[in-house]
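S.K.:
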Amino acid sequence: MRIRSFLQAGMLGIVLAFPLVAPVQAQGLRVLSGAATGALSVPMNRAVVVESDESFAELSIANPAIADISTLSDRTIYVLGKTPGRTTLTLLNAEGRLIANVEVQVSPDIAEFKERLRQILPGEPIEVRTAADGIVMSGTVSSLAKLDRALDLAERYASGRVSNLMTVGGTQQVMLKVRFAEMQRSVRKSLGSSLAIGTSGGNVGVIGGTGSLTNPTNSQSILSGNGYTSGAAAEGALALGFNVGNLEFAVLMEALESKGVVRTLAEPNLTALSGQEASFLAGGEYPIPVVNTDGSVSIDYKQFGIGLQFTPRVVDEDLINLSLKATVSGLDNTATFQSGGISVNAFRTRETSTTVEMRDGESFAIAGLLEDDFQDLAGQVPWLADVPVLGALFRSAEYERQQSELVIIITPHLVTPIRGEALALPTDRIRPPTESDLFLLGRTAAETANRPTQGAAAEVARQDFVGSYGYVLEE
């Protein structure tokens, strides 16, 4: 008898428990008689089942374009979300009395979006909410690239209805260091000669010469006893005069060799916010006359010097995308244009424009140039130059070679501002000399402590000056 009572009690518990569990599995919303328990939220393209405590005879939806409804029984309703928006579900009984007005809110399905967001961007604290018929995203992401990925994904779920309230954390300021290094080497050699033969009476018999440096009248001067008359282009000249009886000979050999080396080094530095363009110019403006249509002359100015324009973009943590244009230009005195008494110089320019991507502290050689120009010229007097030994006096030769090598290297750094007292300026290490330093000791700058021992400032000080000169930025 006791076992039978236990079995009946167990069966009764199962029967009572089943109605409580089933609505939870069906995601049902219980509707009390006369009023709704709350707004009904339906994801777009998803369906929920609504159960009413009271049998209804008539069912209607205010906007069928937002949600679609169908009856499963006299107490069960099937609601399908179609487009984002709000509408009202109305239930009436057999007597036409209002049972309930249920507010139905259809919103984008962000459950799947949140899941995909966690898979693609793990560890990013992005909050996703619905607002009206769109998606609102907030939080702080670690990089601009991850922010773009999150927005691209959100556009697939709510195209054109995404509100971005996210911010980018980390360092978003970039300092770009550009180094222009150029070496120019040139060698030029030339050799020429002239010969004069005459009598002791001063009558010249033969005068000959070759080469751009040679002036045959110089050999004639030697022959007549007036000596060698030097000219501006007569460096490295060797003159020889002798006579055999009444016959006099004069030989003039001219040789010139020139060598030159030019070093150009420029290191402009510039800091800008991610996504913002910055420009830098250290130089000047050169006036260029321009003739107008009415014949008047106006002045136009052309910039020259060290120029830098760049736009940084922090892509991912320490990955930086750089779009830059770097220029080093100066006046070229070897090429000029003259008109109407006005002389205008040409410009020598080295310029590069490119887009690269690298990490914080890495360097990239974005441009390079190796140029080697060679030319030679040989001139001779016909037939006479072919005579053995003496034929060298009737030949001339010129040789010129110019080599140029240019390298442009860039290095980006992610930087943050610090307190102004922590920065050292180039002028901090130099102070004006006292009268005793200047007149008695000959010092152009007073001795200072904290003299740099390494870096660019120390190198310049060792090369050219006594003291610490140069650009140094310390933290």
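Residue numbering for the sequence shown follows numbering that gives the first Met the number 0, beginning at 0 and increasing consecutively.
A virtual CB, placed ideally from N, CA and C, is assigned to each residue, including glycine.
Quick one: is Lys145 buried, meaning 16 or more other Cβ sit within 10 Å of its Cβ, or exposed?
M.R.: It is buried - the Cβ of Lys145 has at least 16 other Cβ atoms within 10 Å.
S.K.: Buried or exposed: where does Tyr156 fall if 16 or more other Cβ atoms within 10 Å of its Cβ makes it buried?
M.R.: Flag for Tyr156 reads buried.
S.K.: Mind reading off the beta-carbon distance from Val78 to Val41? Whole number of angstroms is fine, and I expect it under 8 Å.
M.R.: That belief holds up - the Cβ atoms of Val78 and Val41 are roughly 6 Å apart, short of 8 Å.
S.K.: Evaluate Ile109 with the Cβ neighbour count: other Cβ atoms within 10 Å of its Cβ, from every protein chain shown; 16 or more gives buried, anything less gives exposed.
M.R.: By the neighbour-count rule (16 or more Cβ atoms within 10 Å), Ile109 is buried.
S.K.: May I ask which residues mark the beginning and end of the alpha helix (DSSP H) holding Leu146?
M.R.: Unbroken alpha helix (DSSP H) run through Leu146: 143-156.
S.K.: By the DSSP assignment, the beta strand (DSSP E) with Ala281 in it spans what residues?
M.R.: Counting along the chain, the beta strand (DSSP E) containing Ala281 begins and ends at 277-290.
S.K.: Would you call Glu94 buried or exposed, if buried means 16 or more other Cβ atoms sit within 10 Å of its Cβ?
M.R.: The residue is exposed, with fewer than 16 neighbouring Cβ atoms inside 10 Å.
S.K.: Would you tell me roughly how many angstroms separate the C-alpha atoms of Leu269 and Leu175, rounded to the nearest one?
M.R.: Looking at the two C-alpha atoms, the distance is approximately 5 Å.
S.K.: Could you tell me the distance, in whole angstroms, from the CA atom of Phe248 to the CA atom of Val289?
M.R.: So the two alpha carbons sit approximately 58 Å from each other.
S.K.: Per DSSP, Thr263 is paired with what?
M.R.: Answer is Glu181, bridged to Thr263.
S.K.: Please state the DSSP three-state secondary structure of Arg418.
M.R.: DSSP places Arg418 in coil when its eight states are reduced to three.
S.K.: Compute the Euclidean distance between the alpha carbons of Asp52 and Leu71, then round it to the nearest angstrom.
M.R.: Taking the straight line joining both Cα atoms gives about 14 Å.
S.K.: What does the Cβ neighbour count give for Thr292, buried or exposed, with the cut at 16 atoms within 10 Å?
M.R.: The residue in question, Thr292, is exposed, as its Cβ has fewer than 16 Cβ neighbours within 10 Å.
S.K.: For Thr443, does the three-state DSSP call read helix, strand or coil?
M.R.: Coil.
S.K.: Can you tell me whether Leu368 is buried or exposed, with buried defined as 16 or more other CB within 10 angstroms of its CB?
M.R.: Its Cβ having fewer than 16 others within 10 Å, Leu368 is exposed.
S.K.: Keeping to the same chain, check which residues put their C-beta closer than 6 Å to that of Lys188; ignore five residues upstream and five downstream.
M.R.: Result list for Lys188: Glu256, Tyr398, in chain order.
S.K.: Helix, strand or coil: which one does DSSP assign to Leu330?
M.R.: Note: Leu330 maps to strand in three-state DSSP.
S.K.: Output the distance between the C-alpha atoms of Leu318 and Thr353, rounded to the nearest integer angstrom.
M.R.: Whole-angstrom Cα-Cα distance: 17 Å.
S.K.: Decide yes or no for the touch test of the stretch 336-347 against the stretch 311-326: beta carbon pairs closer than 8 Å, at least 3 of them.
M.R.: No: fewer than three Cβ pairs fall under 8 Å.
S.K.: Any idea what DSSP makes of Asp385, helix, strand or coil?
M.R.: Note: Asp385 maps to helix in three-state DSSP.
S.K.: DSSP puts Asn320 in a beta bridge; with which residues?
M.R.: DSSP output for Asn320 lists Arg312, Glu356 as bridge partner(s).
S.K.: Could you check what DSSP says for Thr433 in three-state terms: helix, strand or coil?
M.R.: Residue state, collapsed to three classes: coil.
S.K.: DSSP state of Gly466, grouped into three classes?
M.R.: At Gly466 the pLDDT is 41, less than 50, meaning the model places this residue with poor confidence and gives no usable figure here.
S.K.: Look at the alpha carbon of Leu237 and the alpha carbon of Phe336, and state the distance between them as a whole number of angstroms.
M.R.: Roughly 38 Å separates the two Cα atoms.
S.K.: At which residues does the beta strand (DSSP E) containing Leu116 begin and terminate?
M.R.: From DSSP, Leu116 is part of no beta strand (DSSP E) but of the alpha helix (DSSP H) over 109-119.
S.K.: So, under 8 Å CB-CB, Ile365 and Phe179 are touching, yes? Tell me the CB distance rounded to an integer number of Å.
M.R.: Contact doesn't hold; Cβ gap of about 11 Å is too wide.
S.K.: Under DSSP, the beta strand (DSSP E) around Val380 begins and ends at which residues?
M.R.: Note, Val380: premise wrong, no beta strand (DSSP E); not H, not E.
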